[in-house]
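In terms of my numbering, the sequence shown has 1562 at position 151, counting the first letter as 1, and numbering is strictly consecutive.
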Amino acid sequence: MQKKNYTVAGHHITIEAIDIEIEDLLPSFKPFESEDASGPLFTLTIDNSIQPSWRGEKIGVFPCPSAKFEVHRMDNGAYQILVMDDNNIPCAFLQGDAGNKHFDITTRGNESNKRFGLNNAIMVIFTICTAPHKTLLMHSSVVEHEGKAYMFLGASGRGKSTHSDLWVKYIEGSTLINDDNPVLRISDDGTPVLYGSPWSGKRPIYKNVHYPVGGMTAIEQENENRIRKEPIPTAFGILLCSCSTMKFDKKIHLDICATITDILRTTAVHTLSCRPDREAAELSHSTLKQ
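Structure, rendered in structure tokens:
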């Protein structure tokens, strides 16, 4: 059995594999490899000899932008999850224990299917296991500037990546940290900190870095550039829609909501209505840096 330890956003995880090269299926995890094997938040065993067998109650099918998850809850409270691509092709079958400490997974299909299923399954496990630890897996494009992270939020196609690219091009010293799924965690002193992750959408930006959050803004496409600071209820809704949420599990969902509430105690959320131009980048930069 092969075994690898990783650290993502300060959380230690262990991945084991039977007759499989872990790095072949998880190349984006290489920058997060760690020698620290103590107290993993969870352990995942990849075993393609497992034959999926549904048990317990079907909770529902939950679609995401590029994947679907069929979720079952067993009598002991543990979850079974089938990961499908957007063509409803099964790519992975995941089963956890009652304490969400150990998970087994079997992958199916070609190498692309297996990578897709495994990565999406780990994202689900990560969300489940880190929710009690003031951690959110975000849907965001993020740049670093002068030692702080600036998060651009919004649904797919709203222009998050475009706006990040405008910062990199026009705001001197800006660097892209992650282009799809960074991790946001509240530190012990209450500071929201943004971490790079092994998941970054279509662009391979897998950086093992972290910075305190300097600002957050939702992106909307408009014909003129303007920005506004959102009131707390609106800001809460923006962040809730911008992170992975397990609505089928009440405790996890409440933990996520509590973390969002804590973030908003110290950090404002803006909405930038904008064109894809230099003026928009300069407007958001000058506002968020205040």
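All C-beta atoms in this analysis are idealised placements derived from N, C-alpha and C, irrespective of residue type, glycine included.
Is the distance from the Cβ of residue i to the Cβ of residue j below 9 Å?
i: Leu1547; j: Ile1457; result: no
i: Pro1593; j: Thr1678; result: no
i: Asp1666; j: Ala1542; result: yes
i: Pro1501; j: Pro1609; result: no
i: Gly1471; j: Tyr1490; result: no
i: Ile1539; j: Ile1597; result: no
i: Ala1509; j: Asn1487; result: yes
i: Leu1493; j: Ile1536; result: no
i: Gly1584; j: His1544; result: no
i: Tyr1715; j: Gly1421; result: Any answer about residue 1715 is impossible in this case: the structure gives the chain only from 1412 up to 1701.
Roughly how many angstroms separate the alpha carbons of residue i and residue j, rounded to a whole number?
i: Met1412; j: Gly1601; result: 40 Å
i: Phe1647; j: Leu1595; result: 15 Å
i: Phe1527; j: Arg1637; result: 38 Å
i: Thr1418; j: Met1534; result: 14 Å
i: Cys1654; j: Met1485; result: 26 Å
i: Val1579; j: Lys1525; result: 33 Å
i: Lys1662; j: Cys1668; result: 10 Å
i: Ser1707; j: Glu1434; result: Here the chain has residues from 1412 to 1701 only, and residue 1707 is not among them.
i: Asn1416; j: Pro1687; result: 41 Å
i: Ser1439; j: Leu1577; result: 25 Å
i: Lys1700; j: Gly1625; result: 7 Å
i: Gly1568; j: Arg1614; result: 15 Å
i: Ser1697; j: Leu1437; result: 38 Å
i: Asn1459; j: Asp1660; result: 27 Å
i: Glu1522; j: Ile1643; result: 44 Å
i: Arg1639; j: Gly1612; result: 28 Å
i: Ile1461; j: Lys1559; result: 44 Å
i: Ser1464; j: Thr1517; result: 11 Å
i: Arg1519; j: Arg1676; result: 44 Å
i: Val1554; j: Ile1616; result: 11 Å
i: Arg1599; j: Ala1532; result: Looking at the sequence provided, one finds Asp at residue 1599 rather than Arg. When rounded, the distance between both Cα atoms is 28 Å.
Give every residue of the same chain whose Cβ lies closer than 7 Å to the Cβ of residue i, excluding the five residues on either side of it in the sequence, and list them in chain order.
i: Gly1450; result: His1423
i: Glu1690; result: Asn1636
i: Lys1469; result: His1483
i: Ser1551; result: Met1562, Phe1563, Leu1564, Lys1571, Pro1593 and Ser1653
i: Thr1656; result: His1664 and Ile1667
i: Thr1425; result: Lys1414, Asn1416, Ala1448, Pro1451 and Thr1454
If you drop the 5 nearest sequence neighbours on each side, which residues of the same chain put their C-beta closer than 6 Å to that of residue i?
i: Ala1629; result: Leu1564, Gly1565, Ile1649 and Thr1682
i: Ser1684; result: Glu1631, Glu1633 and Arg1637
i: Val1680; result: Met1627, Glu1641, Ala1646 and Ile1649
i: Lys1658; result: His1664
i: Glu1427; result: Met1412, Lys1414 and Thr1456
i: Glu1481; result: Val1472 and Leu1493
i: Ile1429; result: Met1412 and Asp1458
Can you name, in chain order, every residue of its own chain whose Cβ lies under 8 Å from the Cβ of residue i, other than the five neighbours on each side?
i: Glu1693; result: Tyr1581 and Ile1582
i: His1574; result: Ser1552, Phe1563, Ile1630, Leu1683, Cys1685, Pro1687, Ala1691, Ala1692 and Ser1695
i: Leu1651; result: Ile1667, Cys1668 and Ile1671
i: His1530; result: Looking at the sequence itself, residue 1530 is Asn, so the reference to His does not match. Within the same chain, Asn1530 has close Cβ partners Leu1437, Ser1439, Pro1609 and Trp1610.
i: Ile1431; result: Gln1413, Ile1457 and Asn1459
Cβ contact (3+ pairs, closer than 8 Å) linking the segment 1474–1483 and the segment 1493–1504: yes
Using 8 Å as the Cβ pair cut-off and three pairs as the minimum, do the segment 1610–1623 and the segment 1578–1590 touch? yes
Counting Cβ pairs closer than 8 Å, one from the segment 1511–1523 and one from the segment 1452–1466, do we hit at least three? yes
Inside the segment 1412–1436 only - alpha helix (DSSP H) runs reaching at least 4 residues: 1433–1436
Ordered list of alpha helix (DSSP H) runs contained in the segment 1552–1597, each at least 4 residues: 1571–1581
As an exercise, report each continuous alpha helix (DSSP H) stretch of at least 4 residues that is fully enclosed by the segment 1631–1699, in chain order. 1643–1652, 1661–1675 and 1689–1699, all fully within the segment 1631–1699.
What are the complete beta strand (DSSP E) segments, minimum 3 residues, inside the segment 1441–1498? 1453–1457, 1468–1474, 1478–1484 and 1490–1496
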